[in-house]
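Colleague: Please see the structure below; I have some questions.
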Amino acid sequence: MMHSDALIARAREGDKNAQGKLVQLWYKRIYNFSYKFFFDHDMAMEVSQKTFISMHKNIAHLNDLSRFRSWMYTIAVNYCREELRKNKNKRALSLSDLQPGLEREESYRWEESGARHENPERQLRQSELSDILQKCLMELSEEQREVVIMKEYEGLKFREIAEALNISENTVKSRMYYGLDGLKKILERNSITKETIGYEL
Amino acid sequence: MSYRPDENILISWLYGELDEVEKAKVEKYFQENPDKLKEMQQLGGVKDTMSKIQDKEVIAPPIFMDGDIKVIPIWKTGYFRVVTTIAASFLLIIVFARLLSMNVSYSNSELRISFGERKKAGQQLTAMEVQKMIDDSSKKNQTELDAAIKQTLASNTQQINDLVRQASNASKADIRSFVTSLREQNATQMRDYLQLSATDQRKYTDNLVMEFSKYLQEQRNQDLNMFSTRFSKLEQNTDELTTQTEQILASIISSSPQIQQSSY
Chain W
1 MMHSDALIAR AREGDKNAQG KLVQLWYKRI YNFSYKFFFD HDMAMEVSQK
51 TFISMHKNIA HLNDLSRFRS WMYTIAVNYC REELRKNKNK RALSLSDLQP
101 GLEREESYRW EESGARHENP ERQLRQSELS DILQKCLMEL SEEQREVVIM
151 KEYEGLKFRE IAEALNISEN TVKSRMYYGL DGLKKILERN SITKETIGYE
201 L
Chain Y
1001 MSYRPDENIL ISWLYGELDE VEKAKVEKYF QENPDKLKEM QQLGGVKDTM
1051 SKIQDKEVIA PPIFMDGDIK VIPIWKTGYF RVVTTIAASF LLIIVFARLL
1101 SMNVSYSNSE LRISFGERKK AGQQLTAMEV QKMIDDSSKK NQTELDAAIK
1151 QTLASNTQQI NDLVRQASNA SKADIRSFVT SLREQNATQM RDYLQLSATD
1201 QRKYTDNLVM EFSKYLQEQR NQDLNMFSTR FSKLEQNTDE LTTQTEQILA
1251 SIISSSPQIQ QSSY
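This is how it looks when you write it as structure tokens:
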């Protein structure tokens, strides 16, 4: 469990330590949600910052503590949509796209992660596969992508996704179904199968 | 009628979020429709494949949040200031109204705002009385106006008649007196002119005689000076001649014994 109701309650009452703890607990999840949504480090950082600033400002108005998780994703997905709108017609090169910068950017993460203990070659192949699959995920529509990410990577229940997106549960399931079906076709088109992945890894 | 689950139920089955009863129905459906089961297994395979996307490692940056609750005194809040301003304005109006003895009353769809002591309302006039007063005033004005017009007309007529009468009576006597006065005026002017002219001529003659006498006197003085100079010169010449003669005689006298001795 990432957090407890007591921690959220303290944060809601203005406890800065509790809010800081929530940021520490939730930052990786919100960042990865945004990263998978954009496949862009800078935009993911931007959305994460805005999400936690918004959390700080508005957590006092959160009545139902059990809805904290869906509430956080509501904020995040709203900022994701906002960023997407702003950058729709703007073609910019992310700093993380630059190879030397990427190396430097990734280095501390690698140091921090437990992956450094693994085989570096395997780790590199895993990273490449991850990027290929991420590109497949980016081919989904915005609506399907956010549902797939929430369900598949963030582990939200359909009910929580429906709450976060303010849509019906059936709509969530429908988007999920067609999202997976779309991914199946995208993977087939790119000749990505269980066997090739197994070979790669 | 055969059971056919929709995609919502199928996706719930895939994620294990169906209750037991629904799950049994779906599995029975799969037994009857193995193609659908295969399709769902493929979707499960997609799930497995996509789960290979790894999370990125990231460290939460320090986020500085302004957590201090700012306690703003109530007298510094905007609402308090607005309310206080309105109250002060009302108070000011009330004080001024009190000082000016302002009265505000509303009755019979009439709003009255008055300053100072309120005068008692007199007897109310009726519409008929007001109309009568207006009519009387109009009549009075009309009468006065007519009288004034008549008077002005009579006065003007009188003045015109006087003028005409004066013009008709001013025939011979006036002309005669006018000619007489004109003649007298001319005579006076001529006399004055001649008088003035004689005076000027006398002054001129006097001046001329005086100038001539001055000239003669000057001439005589010059002649006298000239005679005096001539006489002086003549006297001087005479003296010189005398002196020369004496010198000659003296020289003759002085040379005569020598001549006698030589004759001896």
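Protein chains in written order, with the numbering used here: chain W, 1 to 201; chain Y, 1001 to 1264.
C-beta: ideal position from N, C-alpha, C; glycine also.
In this text, all values refer to a predicted model and were calculated from it rather than measured experimentally.
In angstroms, rounded to a whole number, what distance separates the CA positions of alanine 1147/Y and glutamine 1158/Y?
Modeller: Within the second sequence, residue 1147/Y is the residue found at index 147, counting from 1. Within the second sequence, residue 1158/Y is the residue found at index 158, counting from 1. Roughly 16 Å separates the two Cα atoms.
Colleague: Would you mind reading off the limits of the alpha helix (DSSP H) that contains isoleucine 1112/Y?
Modeller: Counting from one through the second sequence, the residue named residue 1112/Y turns up at place 112. It should be noted that the sequence gives arginine, not isoleucine, for residue 1112/Y. No alpha helix (DSSP H) contains arginine 1112/Y, which is instead part of the beta strand (DSSP E) from 1110 to 1114.
Colleague: Buried or exposed: where does glycine 182/W fall if 16 or more other Cβ atoms within 10 Å of its Cβ makes it buried?
Modeller: The count along the first sequence starts at 1 and reaches residue 182/W at position 182. So glycine 182/W ends up on the buried side.
Colleague: From the DSSP output, in three-state form, read off asparagine 63/W for me.
Modeller: Working through the first sequence from its first residue, we reach residue 63/W at position 63. Three-state DSSP puts asparagine 63/W in coil, outside helix and strand.
Colleague: Just the chain W side, please: which residues come within less than 8 Å of lysine 1047/Y by C-beta, in chain order?
Modeller: Looking up residue 1047/Y in the second sequence gives position 47. The contacting residues are Glu152, Leu180.
Colleague: Roughly how many angstroms separate the alpha carbons of glutamine 19/W and alanine 164/W, rounded to a whole number?
Modeller: In the first sequence, the residue the question calls residue 19/W occupies position 19. In the first sequence, the residue the question calls residue 164/W occupies position 164. Going by the C-alpha atoms only, they are around 21 Å apart.
Colleague: For chain Y, find out if any of its Cβ atoms is closer than 8 Å to the Cβ of glutamine 126/W; answer yes or no.
Modeller: For the purposes of this step, residue 126/W is taken as the residue at position 126 of the first sequence. Chain Y contact via Cβ: present.
Colleague: By the criterion of Cβ-Cβ separation under 8 Å, what are the contact partners of isoleucine 192/W in chain Y?
Modeller: Reading the first sequence from its first residue, position 192 is the one you call residue 192/W. In chain order: Thr1049.
Colleague: Starting from phenylalanine 38/W, find everything on chain Y with Cβ-Cβ shorter than 7 Å and list it in chain order.
Modeller: Here residue 38/W is taken as the residue at index 38 of the first sequence, counted from 1. None at all; the shortest Cβ gap to chain Y is about 12 Å.
Colleague: Counting Cβ pairs, one atom from each stretch, are 3 or more of them under 8 Å apart for the region 6 to 26 of chain W and the region 43 to 60 of chain W?
Modeller: Touching, per the Cβ criterion.
Colleague: Run the CB neighbour count on proline 1005/Y, radius 10 Å, all protein chains shown included, and call it buried at 16 or more, exposed below.
Modeller: Taking the first residue of the second sequence as 1, we reach residue 1005/Y at position 5. Per the 10 Å Cβ criterion, buried.
Colleague: Which of the three DSSP states, helix, strand or coil, is assigned to asparagine 32/W?
Modeller: To locate residue 32/W, count along the first sequence from 1; it is residue 32. Helix at asparagine 32/W.
Colleague: Do the CB positions of methionine 43/W and asparagine 87/W come within less than 8 Å of each other?
Modeller: On the first sequence, position 43 is the one that residue 43/W refers to. On the first sequence, position 87 is the one that residue 87/W refers to. Their beta carbons are under 8 Å apart, which means methionine 43/W touches asparagine 87/W by this criterion.
Colleague: Quick check: the region 1055 to 1064 of chain Y against the region 1012 to 1032 of chain Y, are at least 3 beta-carbon pairs closer than 8 Å?
Modeller: Too few Cβ pairs lie closer than 8 Å, so no.
Colleague: Would valine 77/W count as contacting chain Y if we go by Cβ distances under 8 Å?
Modeller: Your numbering for residue 77/W matches position 77 in the first sequence. With 8 Å as the cut-off, valine 77/W does not count as an interface residue toward chain Y.
Colleague: Distance check for valine 148/W and serine 141/W, CA to CA, integer angstroms please.
Modeller: Taking the first sequence and counting its residues from 1, one reaches residue 141/W at position 141. Taking the first sequence and counting its residues from 1, one reaches residue 148/W at position 148. Computed Cα separation, rounded: 10 Å.
Colleague: Mind checking if lysine 1036/Y is an interface residue toward chain W, Cβ cutoff 8 Å exclusive?
Modeller: Counting from one through the second sequence, the residue named residue 1036/Y turns up at place 36. Cβ-Cβ to chain W under 8 Å: no for lysine 1036/Y.
Colleague: Leaving out five residues on either side along the sequence, give the residues of the same chain with a beta carbon under 7 Å from the beta carbon of glutamate 139/W.
Modeller: As a position in the first sequence, residue 139/W is number 139, starting the count at 1. Excluding residues within five positions, the ones whose Cβ falls inside 7 Å are Ile186.
Colleague: For the alpha helix (DSSP H) that contains tyrosine 177/W, what are its first and last residues?
Modeller: Taking the first residue of the first sequence as position 1, residue 177/W is located at position 177. Where tyrosine 177/W is concerned, the enclosing alpha helix (DSSP H) stretches over 169 to 189.
Colleague: Taking the alpha carbon of serine 1114/Y as the reference point, which residue from Met1128/Y, Leu1099/Y, Leu1125/Y has its own alpha carbon closest?
Modeller: The residue given as residue 1114/Y occupies position 114 in the second sequence. The shortest C-alpha separation from serine 1114/Y is found at Leu1099/Y.
Colleague: Within the region 1135 to 1159 of chain Y, note down every full beta strand (DSSP E) run reaching 3 residues or more, in order along the chain.
Modeller: You should have found no qualifying run.
Colleague: At a CB-CB cut-off below 9 Å, which residues of chain W make contact with lysine 1023/Y?
Modeller: Numbered from 1 along the second sequence, position 23 holds the residue referred to as residue 1023/Y. Neighbours of lysine 1023/Y on chain W: none; closest Cβ ~15 Å, over 9 Å.
Colleague: What residue does the beta strand (DSSP E) around asparagine 1103/Y start on, and which one ends it?
Modeller: Taking the second sequence and counting its residues from 1, the one referred to as residue 1103/Y is at position 103. Segment 1103 to 1107, the beta strand (DSSP E) holding asparagine 1103/Y.
Colleague: Residues in its own chain within less than 8 Å of threonine 955/Y by CB, not counting five upstream and five downstream?
Modeller: The structure shown does not extend to residue 955/Y, since chain Y is modelled only from 1001 through 1264, so no value can be given for it.
Colleague: For asparagine 32/W versus lysine 1056/Y, is the C-beta spacing smaller than 8 Å?
Modeller: Taking the first residue of the first sequence as position 1, residue 32/W is located at position 32. Taking the first residue of the second sequence as position 1, residue 1056/Y is located at position 56. A contact, by the Cβ cut-off of 8 Å.
Colleague: So, helix, strand or coil for leucine 129/W, using DSSP?
Modeller: Here the question's residue 129/W lines up with position 129 in the first sequence. Note: leucine 129/W maps to helix in three-state DSSP.
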